[in-house]
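> Chains as they are written, first to last, in the numbering used here: chain A, 1 to 94; chain B, 95 to 402.
C-beta: ideal position from N, C-alpha, C; glycine also.
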């Protein structure tokens, strides 16, 4: 099986201000494939928490506009996960 | 030939197995390898026992790699064994610790998942067991321990990243580790497990917001350990009970070991805080391991002094 690739996947960071924003993320997780990096899973998402999640290239536009529409500030921690996967090996064989 | 092992790089499973053999071969008096069981896909689960000259004494159990994608964790366990063997007889503190304390080090807990994260899916977390009546693979080994195992309903879906498994200790990996710790309980005085990321030092409980009887003591140790950790590179860690510091979790190895009777149990969430997350570059392996080593040595010294 060819290894999974993450070309164009992003990792977003959202600082949840309140319960409403936490519920927006939970709802988004029902319609889009959010792979949570922190916390481990949707169920742990709560108000006043910082959440990091990976989103595929094809869904990131939709998710980012949903966050914009709800005036939810987010940060893009990683712009291309595949690139970071390859860049993590940044020490030459000694 | 699995290729050259390096403490400054991430090593795949074949390199780690070869490395365990090399450590036993290079330090036959200090290092022995114990096969404590096999995984779902029949890979061996190896614990390295590190001991100074005398044999019978207190012990500390450390495990790494329970979640496959957290690669910095196995890197630390390899570094710990390397430093222990390299500085024994040279560094006064390490020599004193090793002359009074045995270490059981499980370099990779979730071997099948680790292999999968190298060969198929870098973001894999769980083990690779098949789930009945589901197309979804894997159990979260850190929800599979027999401690408040079914207290959270959301861990009951095999397609969830935190699926707890069909029963407590249902997974061969969990059973092997639990059996080993139970059979060495008399000597094991502390349990330390390594995860990533978010730079935290955690102690029980995760399954309840209640505090363990010796929480003040655990908090004191965690505070000093995180202070010591921050000295070389000013890496800031937070610390506290799992439930209130990170989020409530059931079936964790930390709570299980504590309730079994090991009253000093800690979980490290290593670097970083999200800039790279699970994809921490190799250039950060050494500084991460060096700073973590300082914290672990403090904890070990404390255990040596304060446990009977």
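1) At a Cβ threshold of 7 Å, is residue 62 (chain A) touching chain B?
2) I'd like to know whether the C-beta of residue 367 (chain B) is nearer than 7 Å to at least one C-beta of chain A.
3) Hey, is the segment 305 to 316 of chain B in contact with the segment 347 to 360 of chain B, meaning 3+ C-beta pairs nearer than 8 Å?
4) On the three-state DSSP scale, how would you describe residue 152 (chain B)?
5) Using a C-beta to C-beta distance shorter than 8 Å, which residues of chain A count as neighbours of residue 374 (chain B)?
6) Report yes if the CB atom of residue 252 (chain B) is closer than 7 Å to the CB atom of residue 225 (chain B), and no otherwise.
7) What residues are listed by DSSP as bridge partners for residue 361 (chain B)?
8) Which runs of the beta strand (DSSP E) fall wholly inside the segment 236 to 293 of chain B and span at least 3 residues, in chain order?
9) Beta-carbon of residue 52 (chain A) versus every beta-carbon of chain B: anything under 7 Å?
10) If we ignore side chains and look at the alpha-carbon of each, how far apart do residue 277 (chain B) and residue 288 (chain B) end up?
11) I'd like to know whether the C-beta atoms of residue 52 (chain A) and residue 38 (chain A) end up nearer to each other than 7 Å.
12) Considering only residues of the same chain and omitting the five flanking positions on each side of residue 78 (chain A), which have a CB-CB separation below 7 Å?
13) Return the first residue and the last residue of the beta strand (DSSP E) that residue 37 (chain A) is part of.
14) Answer yes or no: the CB of residue 228 (chain B) versus the heavy atoms of the ligand NAP, is any distance below 6 Å?
15) My guess is that residue 233 (chain B) and residue 281 (chain B) are in contact by the Cβ rule of under 8 Å, so how many angstroms apart are they, rounded?
16) Under a CB-based cut-off of 7 Å, is residue 182 (chain B) close to chain E?
17) Check each residue of the segment 155 to 186 of chain B: if its Cβ is closer than 7 Å to any Cβ of chain A, include it; give the result in chain order.
18) Could you please give the first and the last residue of the uninterrupted alpha helix (DSSP H) stretch that includes residue 176 (chain B)?
19) Select from the segment 6 to 20 of chain A all residues with a C-beta closer than 8 Å to any C-beta belonging to chain B, and list them in chain order.
20) Can you look up residue 61 (chain A) in the DSSP assignment and give me helix, strand or coil?
21) Give the DSSP bridge partners of residue 158 (chain B), in chain order.
22) Note down, in chain order, every chain A residue with its Cβ under 7 Å from the Cβ of residue 370 (chain B).
23) If the cut is a Cβ gap below 8 Å, which residues of chain A does residue 110 (chain B) touch?
24) Suppose the cutoff is 7 Å on Cβ atoms and the five residues either side in sequence are ignored; what does the same chain contact list for residue 205 (chain B) look like?
25) Among the residues of its own chain, which have a CB less than 7 Å from the CB of residue 76 (chain A), if the five just before and after it don't count?
26) What is the DSSP secondary structure of residue 347 (chain B), reduced to helix, strand or coil?
27) Taking only beta-carbon positions, decide if residue 97 (chain A) is within less than 7 Å of chain B.
28) For a contact meaning CB atoms closer than 7 Å, what does residue 35 (chain A) contact in chain B?
29) If I measure Cβ to Cβ from residue 28 (chain A) and keep anything under 7 Å in the same chain, skipping five residues before and after, which residues do I get?
30) Given a cut-off of 7 Å on the beta-carbon distance, is the pair residue 177 (chain B) and residue 387 (chain B) in contact?
31) How is residue 88 (chain A) classed by DSSP in three states: helix, strand or coil?
32) Can you pull the chain A residues whose beta carbon is under 7 Å from the beta carbon of residue 377 (chain B), in chain order?
33) Who are the neighbours of residue 281 (chain B) on chain A, taking C-beta pairs under 7 Å?
34) So residue 236 (chain B) and residue 160 (chain B) are supposed to be a Cβ contact under 8 Å. How far apart are they, rounded?
35) With a threshold of 7 Å on Cβ separation, who are the neighbours of residue 319 (chain B) within its own chain once the five nearest residues in sequence on each side are excluded?
36) Where does residue 7 (chain A) land, buried or exposed, given buried means 16+ other C-beta within 10 angstroms?
On the basis of the coordinates in this document:
1) Output row for residue 62 (chain A): interface = no.
2) So no, residue 367 (chain B) is outside the interface.
3) Touching, yes, given that three or more Cβ pairs across the two stretches are closer than 8 Å.
4) Residue 152 (chain B) falls in the strand class under three-state DSSP.
5) Listed along chain A are 88, each with a C-beta nearer than 8 Å to that of residue 374 (chain B).
6) Taking a C-beta distance under 7 Å as the contact criterion, residue 252 (chain B) and residue 225 (chain B) qualify as a contact pair.
7) Looking at the DSSP output, residue 361 (chain B) bridges to B:287, B:296.
8) Taking only runs of at least 3 residues, the beta strand (DSSP E) segments lying wholly in the segment 236 to 293 of chain B are 282 to 290.
9) By this cut-off, residue 52 (chain A) is an interface position.
10) Going by the C-alpha atoms only, they are around 22 Å apart.
11) Contact flag set, yes.
12) The residues are 10, 11, 84.
13) Membership of residue 37 (chain A) in the beta strand (DSSP E) is indicated by the continuous run 35 to 38.
14) Summarising the ligand content, the structure contains no ligands, and the ligand NAP is consequently not present.
15) Their Cβ separation, rounded to whole angstroms, is 29 Å, which puts residue 233 (chain B) and residue 281 (chain B) out of contact at 8 Å.
16) This model lacks chain E altogether, as its protein chains are A and B.
17) So nothing in the stretch comes that close.
18) Its alpha helix (DSSP H) spans residues 166 to 181.
19) Answer set for the segment 6 to 20 of chain A: 6, 11, 13.
20) Residue 61 (chain A): helix per DSSP, three-state reduction.
21) Under DSSP, residue 158 (chain B) shares a beta bridge with B:288.
22) Using a Cβ-Cβ cut-off of 7 Å, residue 370 (chain B) is close to 84 of chain A, given in chain order.
23) Near residue 110 (chain B) there are no residues of chain A at all, since even the closest Cβ is about 16 Å away, more than 8 Å.
24) Excluding sequence neighbours, residue 205 (chain B) sits near 107, 133, 137, 139.
25) So the qualifying residues of the chain are 10, 12.
26) Annotated three-state conformation of residue 347 (chain B) is helix, per DSSP.
27) No answer is possible for residue 97 (chain A): it lies beyond the span of chain A, which begins at 1 and ends at 94.
28) 217, listed in chain order.
29) Taken in chain order, the residues that qualify are 34, 63, 66.
30) Cβ distance < 7 Å, so residue 177 (chain B) and residue 387 (chain B) count as in contact.
31) DSSP places residue 88 (chain A) in coil when its eight states are reduced to three.
32) Within 7 Å Cβ-Cβ: 90, 91.
33) Within chain A, no C-beta atom comes less than 7 Å from the C-beta of residue 281 (chain B); the nearest is roughly 32 Å away.
34) About 5 Å separates the two Cβ atoms, so the contact holds.
35) Within the same chain, residue 319 (chain B) has close Cβ partners 295, 389, 392, 393.
36) Burial is judged here by how many other beta carbons sit within 10 angstroms of a residue's own beta carbon; residue 7 (chain A) has fewer than 16 and is exposed.
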